[in-house]
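Protein sequences, first through last, are from chains A and B. First residue of the first sequence? That's 196 in my numbering, and the numbers climb one at a time after it. First residue of the second sequence? That's 373 in my numbering, and the numbers climb one at a time after it. The beta-carbon is built from N, C-alpha and C at its ideal position, and this holds for glycine as well. Read the structure below first, then the notes.
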Amino acid sequence: MKGEGSFLVEDFINAITTQLDRVQDALRLKAVNRPLTYALKDIALDLQVFVEVDAQGNVRFRSSAANETGASTLRLGFTTITRPMIEENTISLAMTQSPHLEDLGLAEDEKRRLEQVGVRNAAQLQELRNSTDTKTVSRLTGIPLERLRNALSLGKPKVDQVVPEKPPATVPPVKPVRPLPSPLPKNPPVALPPTKVPPVFVPPKTPAPVVVAPGVKRLSLLGNNLVGGQGLPEVRLNDVPLSITEAEHDYLTVEMPEEPESGALEIFLPDGEQVTYQLSFEPETPAADGGDQESIGRSRWEASGKEEDYWSSDPDY
Amino acid sequence: MFQRELAQTLIELIEGLQPPPDSGLVVTEAEIELPLESAGAIHGEELIFLADVPHSRWKAGFLPPVAMGKLRVLLDED
Chain A
196 MKGEGSFLVE DFINAITTQL DRVQDALRLK AVNRPLTYAL KDIALDLQVF VEVDAQGNVR
256 FRSSAANETG ASTLRLGFTT ITRPMIEENT ISLAMTQSPH LEDLGLAEDE KRRLEQVGVR
316 NAAQLQELRN STDTKTVSRL TGIPLERLRN ALSLGKPKVD QVVPEKPPAT VPPVKPVRPL
376 PSPLPKNPPV ALPPTKVPPV FVPPKTPAPV VVAPGVKRLS LLGNNLVGGQ GLPEVRLNDV
436 PLSITEAEHD YLTVEMPEEP ESGALEIFLP DGEQVTYQLS FEPETPAADG GDQESIGRSR
496 WEASGKEEDY WSSDPDY
Chain B
373 MFQRELAQTL IELIEGLQPP PDSGLVVTEA EIELPLESAG AIHGEELIFL ADVPHSRWKA
433 GFLPPVAMGK LRVLLDED
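Next up, the structure:
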């Protein structure tokens, strides 16, 4: 926004829109206590501005000052539109949640060149690639193919981890804390010969199995770019679709079925990729040792009211 | 030079559309053309659009240029 009294076009228009929204809000508030009120239907402004282009290639407006000649007349018209018109003429909210171009490792000038073809975030870049191809996008924007491929791979939806939500809390018995053993006597440092680490076979990276405690109601799927223009991922457990309760670009929460069973947890990402986890349940742990027996024993051996009566000194007994 | 925001100017203008009480008249629609002295100002990090009616009907070299604004106001019947 900074620039010697000049402003970006979008900031300029936003500033006017904010003012008009405030007018509508104030008039709407007046309607609460007044039988008649007005609504601002449309407004047109003829503004005297100087149009400049800054070093980054952004067009900026500067309001004409007193006694300045040669200003351009900028005629702006604003009108009220209905909600369906807004929905028709704006990008979906899901699209706006996608990561920005700078998060994809693109430089400032590359970002600007993409913005000139209507791409402002990862989801829009992916959509443009789907409708044409990476080579065409590269040719149109002048961004090297390799840079675009890197950005596209960073902007791809992915799931890194599946985390079960904690089951309803049950308070575990508190164990007494053992005193720590006394520290070992310090040995003098001994020079060890350098050990050679043998080469280890690293298996290809596969998703880790997910172990879930019994009673878990939801699973959180952590990742990136999970919400985009192509819709939400589809999650299935043993081929049964799980309902998504929360969705953000970096996590999803899915509801577990009433009686879940171990099996394949499949995640179908919007770009067609599929990730599969092996979901299993922890065995149910039995109650703490002797817990129940102890309580039974206690009820048996505790002095009851009747026993007290037996030894009572009541003469009527 | 002036600090009035466009919203404040417009709200006061629309407020002025009320006919005299007990006159039995209702203004249902108004089209207003008015000159505005406008400028942008930064308050904090935000760009604020300032617009006010002209200081004077006379032209002077030290006054900001006047832009024309045209607005249409309707009776809200919701």
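Could you tell me which of A/251, A/250, A/258 and A/344 sits nearest to residue 240 of chain A, measuring between CA atoms? Along the first sequence, one-based indexing puts residue 240 of chain A at 45. Among A/251, A/250, A/258 and A/344, the Cα nearest to that of residue 240 of chain A is on A/258.
I believe residue 222 of chain A touches residue 234 of chain A by the beta-carbon criterion, under 8 Å. Please report the beta-carbon distance rounded to the nearest angstrom. Translated into positions along the first sequence, residue 222 of chain A becomes position 27. Translated into positions along the first sequence, residue 234 of chain A becomes position 39. That belief holds up - the Cβ atoms of residue 222 of chain A and residue 234 of chain A are roughly 6 Å apart, short of 8 Å.
Looking at chain A, which residues of the segment 436-449 of chain B have a Cβ within less than 7 Å of any of its Cβ atoms? 436, 437, 439, 440, 441, 442, 443, 444, 445, 446, 447 and 448
How many angstroms separate the CA atom of residue 265 of chain A from the CA atom of residue 439 of chain B? Counting from 1 along the first sequence, the entry for residue 265 of chain A is found at position 70. Counting from 1 along the second sequence, the entry for residue 439 of chain B is found at position 67. When rounded, the distance between both Cα atoms is 14 Å.
With distance defined between alpha-carbon atoms, name the residue in A/244, A/216, A/230 and A/293 nearest to residue 426 of chain A. Residue numbering aside, residue 426 of chain A sits at position 231 when the first sequence is read from its first letter. Cα-wise, what sits closest to residue 426 of chain A is A/293.
Put residue 439 of chain A into one of helix, strand or coil per three-state DSSP. Numbered from 1 along the first sequence, position 244 holds the residue referred to as residue 439 of chain A. DSSP places residue 439 of chain A in strand when its eight states are reduced to three.
Whole angstroms are fine: how far does the CA of residue 216 of chain A sit from the CA of residue 449 of chain B? Taking the second sequence and counting its residues from 1, one reaches residue 449 of chain B at position 77. Taking the first sequence and counting its residues from 1, one reaches residue 216 of chain A at position 21. Cα to Cα, residue 449 of chain B sits roughly 19 Å from residue 216 of chain A.
Assuming contact is defined by CB atoms lying nearer than 9 Å, are residue 359 of chain A and residue 475 of chain A in contact in what I supplied? Walking along the first sequence from the start, residue 359 of chain A turns up at place 164. Walking along the first sequence from the start, residue 475 of chain A turns up at place 280. Result no, Cβ atoms of residue 359 of chain A and residue 475 of chain A do not sit closer than 9 Å.
Three Cβ pairs or more, each shorter than 8 Å: is that satisfied between the segment 395-402 of chain B and the segment 425-434 of chain B? no
Helix, strand or coil: how does DSSP classify residue 330 of chain A here? As a position in the first sequence, residue 330 of chain A is number 135, starting the count at 1. Looking at residue 330 of chain A - three-state DSSP - the assignment turns out to be helix.
Over the uninterrupted alpha helix (DSSP H) stretch that includes residue 281 of chain A, give me the two end residues. On the first sequence, residue 281 of chain A is found 86 positions in, with the first residue counted as 1. Element bounds for residue 281 of chain A: 278-284.
Ignore the nearest five residues each way along the sequence and tell me which others in residue 355 of chain A's own chain have a CB closer than 6 Å to its CB. As a first step, residue 355 of chain A is located in the first sequence; it is residue number 160 there, counting from the start. Cβ within range, chain order: 417 and 418.
Where does the unbroken beta strand (DSSP E) through residue 406 of chain B begin, and where does it stop? The residue given as residue 406 of chain B occupies position 34 in the second sequence. Its beta strand (DSSP E) spans residues 401-415.
Buried versus exposed, by CB contacts within 10 Å (16 or more), residue 340 of chain A: Indexing the first sequence from 1 puts residue 340 of chain A at position 145. The residue is exposed, with fewer than 16 neighbouring Cβ atoms inside 10 Å.
Answer yes or no: does any C-beta atom of chain A fall closer than 9 Å to that of residue 410 of chain B? On the second sequence, position 38 is the one that residue 410 of chain B refers to. Residue 410 of chain B counts as touching chain A.
Interface partners of residue 433 of chain B on chain A, CB under 9 Å: Within the second sequence, residue 433 of chain B is the residue found at index 61, counting from 1. Correct list: 261 and 262.
C-beta neighbour in chain B for residue 206 of chain A, strict 9 Å: Here residue 206 of chain A is taken as the residue at index 11 of the first sequence, counted from 1. Judged by the 9 Å Cβ criterion, residue 206 of chain A is in contact with chain B.
So what's residue 431 of chain B in DSSP terms, helix, strand or just coil? Counted from its first residue, the second sequence places residue 431 of chain B at position 59. Looking at residue 431 of chain B - three-state DSSP - the assignment turns out to be coil, as it is neither helix nor strand.
With 16 other CB atoms within 10 Å as the buried threshold, where does residue 254 of chain A fall? For the purposes of this step, residue 254 of chain A is identified with residue 59 of the first sequence, where counting begins at 1. It counts as exposed.
Indicate whether at least one CB of chain B lies closer than 9 Å to the CB of residue 353 of chain A. Stepping through the first sequence from its first residue, residue 353 of chain A is reached at position 158. Closer than 9 Å: no.
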